[in-house]
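Chemist: What follows is a single structure, and I will ask about it in a moment.
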Amino acid sequence: MLSSMNDICNLVNIDSDSKAILIGRNFEVDGFCKRNIRIITHAHADHVIGLNKSIMYSKHIVSTPATYELVSELGYVNNSLKPVYRTKSILLDYFNRIDFDGEILEFYPVEHIIGSTQVRVLTDNYVIGYTSDFKLTKNTFIMKDLDVLIIEATYGDPVWRRPFKNDVIEYAIDILNEGLKKYGRVVVYGYYGKLQEFMKIIRDRGIDTPFLMNDKIYSITRIVEKYGWRIGNFYRLTFNTKYFDKYIVFEHMNKAKYRRIEGSVMNFVLTGREFEEPVRKIDEYTWLIALSDHADFDELINYVEISQPKLVIIDNSRDGYPYSLARELEKRGWKAIVMPP
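Heads up, the sequence shown stops at 1558 in the numbering used here, and the numbers go up one at a time, no gaps.
Structural data, given as structure tokens:
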């Protein structure tokens, strides 16, 4: 049992400036803070903050193999530092462990984007877990027997619930099929990672319609295929579409405001910030799809209740509702604190 707040502060801290999660003596997670070991939980911009500084300072950069490749492909590493990044990188698979100066680091799978990982550290006879970003599905391993659980709070207020979350895919696929039948072309807008998630969903539903995409999305899709996601039948935008009677185009979210609404295509906009309906029509030719990569309020609470940690630390360095989540956990009998305060 943690004997005092001093014990906690010696083992765990969250730096408000760098957003680094500091665990034990050696580890900085998802931010730079002059530690020996930098951990990257996944390849999203708010979790690679200060990575180039870490590459120069830290002894090792640890991530999953998929995250390592995505970080390079997405341009998060300066070209001049890529050889150093390759040399210092250690690739750790799920359920594996590695010893750094007497502290044990373990990775566990989590549903967010491909390559995402949770972090578990054994240090000074304490066990500390960090979820990073997640949504609670069968693919998310719930860490147990923890002294401290560090958890995200993106949707940590009770107003952020998705009672319809299990219906989103069926509605989206039905509308997608209607769009292909009526227009022959559907354009999907979203962020890297989420686009590939939707590609996989489409393929898992038995739809083999060709996918077209720009070079960057194409490269990322090749990486996710390398790590086990079955996509197939995808091409660069320059491919001659005269060979296809129907096809689906994938574009980055930045282009959604320039979408066509003149009746030649159906548009899908993938968003995690829709809490009213599973799908919503926002104009005659555009549907908003509530496809989130983050846990809603109920999933955050459920993770804690299944995990049964002795203490919950809620991350206040990134967007979210940490104080609301702390209050709600305390109502349910959990000891919870917000870091940084």
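The beta-carbon is built from N, C-alpha and C at its ideal position, and this holds for glycine as well.
How big is the Cα-Cα spacing for methionine 1470 and tyrosine 1538?
Modeler: Whole-angstrom Cα-Cα distance: 25 angstroms.
Chemist: Under a Cβ-count criterion, where at least 16 other Cβ atoms within 10 Å of its own Cβ denotes burial, should glutamate 1395 be classed as buried or exposed?
Modeler: Burial call: exposed.
Chemist: What are the boundary residues of the beta strand (DSSP E) that arginine 1439 is part of?
Modeler: Segment 1432-1443 is the alpha helix (DSSP H) holding arginine 1439; no beta strand (DSSP E) there.
Chemist: Excluding the 5 residues preceding and the 5 following aspartate 1513 in the sequence, name in chain order all residues of the same chain whose CB lies nearer than 6 angstroms to its CB.
Modeler: Contacts found: Tyr1372, Trp1377, Arg1378 and Arg1379.
Chemist: Can you give me the C-alpha to C-alpha distance between valine 1265 and aspartate 1421, rounded to a whole angstrom?
Modeler: Their backbone Cα atoms lie some 30 angstroms apart in a straight line.
Chemist: Is glycine 1332 near the ligand PLP, in the sense that its beta carbon is under 7 angstroms from a heavy atom of that ligand?
Modeler: This structure lacks the ligand PLP, and indeed carries no ligand of any kind.
Chemist: Buried or exposed for isoleucine 1351, going by 16 or more other Cβ atoms inside 10 Å?
Modeler: One point to set straight first is that residue 1351 is phenylalanine, not isoleucine, in the sequence displayed. Buried.
Chemist: Whose CA, out of Ile1518, Pro1557 and Asp1536, lies closest to the CA of arginine 1544?
Modeler: Closest option to arginine 1544, Cα to Cα, is Ile1518.
Chemist: Mapping DSSP to helix, strand and coil, what is glycine 1449?
Modeler: In the structure shown, glycine 1449 sits in coil (DSSP, three-state: anything other than H, G, I, E or B).
Chemist: Helix or strand or just coil, what does DSSP make of methionine 1470?
Modeler: Three-state result, methionine 1470: helix.
Chemist: Just reading off the alpha helix (DSSP H) that leucine 1412 is part of, what are its end residues?
Modeler: Residues 1411-1421.
Chemist: Measure the beta-carbon distance from leucine 1542 to alanine 1370 and round it to whole angstroms, keeping in mind my assumption that it falls under 8 angstroms.
Modeler: The pair is a contact, with the Cβ atoms about 5 angstroms apart (cut-off 8 angstroms).
Chemist: Compare the Cα-Cα distances from glutamate 1245 to each of Ile1315, Ala1260, His1277 and Ile1506 and report the closest residue.
Modeler: Cα-wise, what sits closest to glutamate 1245 is His1277.
Chemist: If you run the structure through DSSP and keep just helix, strand and coil, what is asparagine 1269?
Modeler: In this structure, asparagine 1269 counts as helix in the three-state DSSP scheme.
Chemist: For alanine 1285, which three-state DSSP category applies?
Modeler: Looking at the sequence itself, residue 1285 is tyrosine, so the reference to alanine does not match. Correct three-state label for tyrosine 1285: helix.
Chemist: Quick one: Cα of tyrosine 1502 to Cα of leucine 1487, how far?
Modeler: Cα to Cα, tyrosine 1502 sits roughly 14 angstroms from leucine 1487.
Chemist: Out of Leu1298, Asn1227, Val1385 and Asp1316, point me to the one whose CA is closest to glutamate 1494's CA.
Modeler: Among Leu1298, Asn1227, Val1385 and Asp1316, the Cα nearest to that of glutamate 1494 is on Val1385.
Chemist: Could you pull out every residue in the same chain whose Cβ sits closer than 7 angstroms to the Cβ of glutamate 1516, ignoring the five residues on either side in sequence?
Modeler: Closer than 7 angstroms at the Cβ level, and outside the excluded window around glutamate 1516, lie Lys1352 and Leu1353.
Chemist: Determine the closest residue to tyrosine 1435 out of Val1466, Thr1258 and Trp1551, with distance taken between C-alpha atoms.
Modeler: Per the Cα distances, Val1466.
Chemist: Does the count of Cβ pairs from the region 1326-1343 and the region 1229-1243 closer than 8 angstroms reach three?
Modeler: Touching, yes.
Chemist: Using a Cβ-Cβ cutoff of less than 7 angstroms, which residues in the same chain neighbour proline 1557 once the five nearest sequence positions on both sides are dropped?
Modeler: Excluding sequence neighbours, proline 1557 sits near Ile1231, Ser1233, Asn1533 and Ser1534.
Chemist: By DSSP, does asparagine 1394 sit in helix, in strand, or in coil?
Modeler: Helix.
Chemist: Work out the CA separation of valine 1294 and valine 1555 for me, nearest whole Å.
Modeler: Rounded to whole angstroms, valine 1555 to valine 1294 spans 31 angstroms at the Cα level.
Chemist: Taking only three categories from DSSP, how would you classify arginine 1303?
Modeler: Note: arginine 1303 maps to helix in three-state DSSP.
Chemist: If distances are taken between C-alpha atoms only, which option among Thr1426, Leu1393 and Asp1362 comes closest to tyrosine 1601?
Modeler: The structure shown does not extend to residue 1601, since the chain spans only 1218 to 1558, so no value can be given for it.
Chemist: My guess is that valine 1403 and methionine 1483 are in contact by the Cβ rule of under 8 angstroms, so how many angstroms apart are they, rounded?
Modeler: At roughly 5 angstroms, the Cβ-Cβ gap stays under 8 angstroms, so valine 1403 and methionine 1483 are in contact.
Chemist: Quick check on this structure: which residue in Thr1334, Tyr1347, Ile1531 and Arg1439 has the alpha carbon closest to the alpha carbon of asparagine 1356?
Modeler: That would be Thr1334, whose Cα lies nearest to the Cα of asparagine 1356.
Chemist: Does the separation of the CB atoms of glycine 1480 and serine 1509 fall below 8 angstroms?
Modeler: No, these two residues do not count as a Cβ contact at 8 angstroms.
Chemist: Going along the chain, which unbroken runs of the beta strand (DSSP E) with 3 or more residues stay wholly within the region 1320-1349?
Modeler: Within the region 1320-1349, the complete beta strand (DSSP E) runs of at least 3 residues are 1320-1326, 1334-1340 and 1343-1347.
Chemist: Could you check whether leucine 1546 and aspartate 1364 sit closer than 8 angstroms to each other, using their CB atoms as the reference points?
Modeler: For aspartate 1364 and leucine 1546, no; Cβs fall outside 8 angstroms.
Chemist: Look at the alpha carbon of tyrosine 1406 and the alpha carbon of phenylalanine 1415, and state the distance between them as a whole number of angstroms.
Modeler: Rounded to the nearest angstrom, the two C-alpha atoms are 10 angstroms apart.
Chemist: Between which two residues does the beta strand (DSSP E) holding lysine 1498 run?
Modeler: Here the beta strand (DSSP E) through lysine 1498 covers 1496-1500.
Chemist: Do alanine 1260 and leucine 1287 have their C-beta atoms within less than 8 angstroms of each other?
Modeler: Yes; because the gap between Cβ atoms is below 8 angstroms, this pair is in contact.
Chemist: How is the alpha helix (DSSP H) around asparagine 1519 delimited, first residue to last?
Modeler: It spans 1514-1524 - the alpha helix (DSSP H) in which asparagine 1519 sits, taken as one unbroken run.
Chemist: Determine the DSSP secondary structure at alanine 1260, reduced to helix, strand or coil.
Modeler: In this structure, alanine 1260 counts as coil in the three-state DSSP scheme.
Chemist: In the DSSP assignment, the beta strand (DSSP E) including arginine 1402 goes from what residue to what residue?
Modeler: First-last of the beta strand (DSSP E) with arginine 1402: 1402-1407.
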